[in-house]
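Chains as they are written, first to last, in the working numbering: chain A, 188 to 465; chain B, 57 to 367. Every residue gets a Cβ at the ideal spot worked out from N, C-alpha and C, and that includes glycine. As the structure is a prediction and not an experimental result, all values here were calculated from the model. Worksheet: one structure, shown below.
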Amino acid sequence: MARKSQAGSLTLRYAVLFAWALFCVVPIIWFLTIGLRPRTEIILPRPLYLPTFTLDAWNMIWTSWPMGAYLRNSLAAILGSVIIDLLLAIPAAYSLARYKYRFREDIGFYILSTRMMAPAVVAIPIFFLFKTLGLLDSIWALMLIYAAMNLSLVTWIVRSYMLDIPPEIEDAARTDGASDLRILVSIVIPMCLPGIITAAVIAVIFAINEFLFTLLIASTQNAYTLSVALANFTGGSDGVIYNAISMVAFLAFVPVLVLVFAIQKHLSRGLTMGAVKG
Amino acid sequence: MADAITLNSGRAAQVARSPLKRRRSPLQRKAFPYLLVAPAVIYLLGITFYPGIYAIYQSLFRIKFNSWTYIGLDNYTKLIGDHEFWASLWNTFLMGSGALLLEFVIALTLAALAYRDPWIRSWRILFLLPMLFMPSAVSFIWKLAFNDGRVVSDLLMRIGMIGRPLDFLGDVWLARLSLIITDVWQWTPFLFIIFVAALQGQDAEIEEAARLDGARWPQIFWNVSLPMMRPIIAVALVLRGIDIVTMFTSIFIIIVLTAGGATETMSYFIYRTGFKRFDFGYASAASVLLLVLTVVIAQSFVKRFFRSVRE
């Protein structure tokens, strides 16, 4: 009797998990087929489930749009922002993880609380700020804003990994006469490299996803990123050009998938800014 | 499992400063940790504090192109009487809590079912996939499925649930539902990944002991595993909750101003007021109110929950 109900619950368990897996995967596969079909087979009175396949959209995104510029903008803004983040966050994280001083806790929570700031709150002032600085429609502005957006999580993730390093190692180096800065660079940073990489990957993903600020700052191909360029794949009377959108979506999806695979074990810890050790 | 989130964790406090110090003045030594943290803090102040002050200042003016007229608190009194603003606030709450509740229940159920499963690694990867697409791309996927491509209507008609196609974006409730489903599809994995990690991090022996005592699986999960992961649930919900409150991309892409204020969030209201109607003073007033709201949330939840995640 007990065995039977266990087998029953096992079936139910797999039924639920399998159903959710289908819900996750089917729209993705379907959207991939959208990218591989001609435009005339996408928006119809009744949807078509067995389309003809073509690489039209793939060729179109490279010929009809400045994809090279979009890719270059995304890459430059994102990498630049991650470098800024690491330069600012690693010393800050070390300070929060290793020293005791007044206001340390307040400073730490101030940094954390910037993660909770709604982008829309600062969108208008930031728009005017960059307008004054002459940085509208420039990837430098995007770089600065992505860096600001991710700084809190990079700091907290790196800090969490630094706390895992036994302080005795640093003390030994200190006894040997190494300076604090030297200890940070040649002992602490190499030892918490997984944390730094995790933080960088998560920052990259959030930067790729960023939409609101990019929408406000970018107005031409000087600064359009993949995320916002998508919203412009609407050809006037032609409506939304879905097959091109699909191709661009997968173009951004593949590198993200690779990056996430690389940090898979650290993903939950990174997403919670260090709160969960996966 | 989850420790070390508090800034006062034991280990940091233990750092015994070695007696052999390099020669540096006491002032320098005291200043060093501040110097390390200062660049990050200054950067963040510049990008949060300055804009905050600027928004408050700007909200006191009526701005028409380049002419600023000081009008005191008029923008705020107008905002209080603006039903579109209240609609956006109500809608932020409605869609936010709906999506968050669904995501939470689904993620927790899936995590509970999967975390001791031998195939957990495969489930994790499969469930993770939607999260790896850009939100703008995900919005287009669902816009096509619900509206432009009529796929959802067609499928529902084929299984006989509805007689004729539904106008997903024409009806306020269906539009809200579309936005919620879009959010649930993309972001349930966020909670799932965290919950699985939290459950896997728990001591299996406690569960085993409960099982030997004759407790059945649902009881064990409800009475043993779940209470242990409460702090992590709180952290995960705060992080997700904040992102849901600031929902923007999907509304920008999916809705395109069809149903007026009824399906916008506060973020979208601010964007529309500022960058479509160019009423920057008024939009700033709304920003300040949203700022107050998020600061209240951040202050009341974040500190407490993040600090509570410890052994």
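- Between the C-alpha atoms of Gly102(B) and Ile311(A) there is a straight-line separation of about 14 Å.
- Listed in chain order, the non-local C-beta contacts of Phe183(B) below 6 Å within the same chain comprise Pro245, Phe248, local neighbours out to five positions each way being set aside.
- Residue-level contact by beta carbon holds for Leu92(B) and chain A, with a gap shorter than 9 Å.
- With respect to the C-alpha of Leu219(A), the residue from Met378(A), Gly255(A), Tyr236(A) having the closest C-alpha is Tyr236(A).
- Under the criterion of beta carbons closer than 8 Å, Val388(A) and Leu402(A) do not qualify as touching, at roughly 24 Å.
- One Cα belongs to Arg220(B), the other to Ala193(B), and the distance between them is close to 28 Å.
- Within chain A, not a single residue places a beta-carbon under 8 Å from that of Ser81(B); the smallest gap is close to 14 Å.
- Gly226(B) sits exposed, since fewer than 16 C-beta atoms from the chains shown fall within 10 Å of its C-beta.
- For Arg360(B), none of the residues of chain A pass the 7 Å Cβ criterion, the least Cβ distance being about 11 Å.
- For Trp207(A), the nearest CB of chain B lies under 9 Å from its own CB, placing it at the interface with that chain.
- Not a single C-beta of chain B is nearer than 9 Å to the C-beta of Ser373(A).
- Among the residues of chain B, those whose CB is under 7 Å from the CB of Arg200(A) are Leu169, following chain order.
- For Arg267(B), the uninterrupted alpha helix (DSSP H) segment begins and ends at 260–268.
- Between the alpha carbons of Arg200(A) and Ala359(A) lies a distance of about 52 Å.
- Only exposed fits Asn122(B), as fewer than 16 other CB atoms lie within 10 angstroms of its CB.
- Residue contact with chain B for Asp243(A): absent (no Cβ-Cβ distance below 9 Å to any residue of chain B).
- Relative to the Cα of Leu283(A), the nearest Cα in the group Ile265(A), Val345(A), Lys318(A) belongs to Val345(A).
- Ile230(A) has its alpha-carbon roughly 10 Å from the corresponding atom of Val207(B).
- Comparing alpha carbon positions, the residue from Arg361(A), Pro353(A), Trp327(A), Leu331(A) closest to Asn409(A) is Trp327(A).
- Going by C-alpha positions, Leu275(A) is about 24 Å away from Arg361(A).
- Just so you know, the alpha carbons of Ile288(B) and Arg172(B) end up roughly 19 Å apart.
- The DSSP-derived three-state label of Thr125(B) is strand.
- Within the segment 211–227 of chain A, those residues whose Cβ lies closer than 8 Å to any Cβ of chain B are, in chain order, Cys211, Val212, Pro214, Ile215, Trp217, Phe218, Ile221.
- When CB distances to chain B are screened at a threshold of 9 Å, the residues of the segment 309–330 of chain A falling below it are Val309, Ala310, Ile311, Pro312, Ile313, Phe314, Phe315, Leu316, in chain order.
- Glu355(A) is classed as exposed because its beta carbon has fewer than 16 other beta carbons within 10 Å across all chains shown.
- As DSSP reads the structure, Ile119(B) sits in a beta bridge with Trp124(B).
- At the C-beta level, Ile298(A) and Ser339(A) come within 9 Å of one another.
- Distances from the alpha-carbon of Thr165(B) to those of Gln242(B), Asp130(B), Val252(B) put Val252(B) closest.
- Distance from the CA of Met187(B) to the CA of Gln242(B), rounded to the nearest whole angstrom, comes to 5 Å.
- With its beta carbon at least 9 Å from every one in chain B, Ser406(A) lies outside the interface.
- Taking the Cα of Phe336(B) as reference, the smallest distance to any Cα among Asn279(B), Leu157(B), Ala265(B), Tyr132(B) is reached at Tyr132(B).
- For a cut-off of 8 Å, the C-beta gap from Ala436(A) to Phe189(B) is around 6 Å, short enough to register as a contact.
- Sequence-ordered contacts of the segment 252–282 of chain A with chain B read Leu275, Ala276, Pro278, Ala279, Tyr281, Ser282 [C-beta pairs closer than 7 Å].
- Counting every other CB atom within 10 Å of its CB across the protein chains shown gives Val447(A) a total of 16 or more, marking it as buried.
- In this structure, the straight-line span from the alpha carbon of Met336(A) to that of Tyr99(B) is close to 11 Å.
- The beta carbon of Tyr411(A) does not come within 9 Å of any beta carbon belonging to chain B, so the residue lies off that interface.
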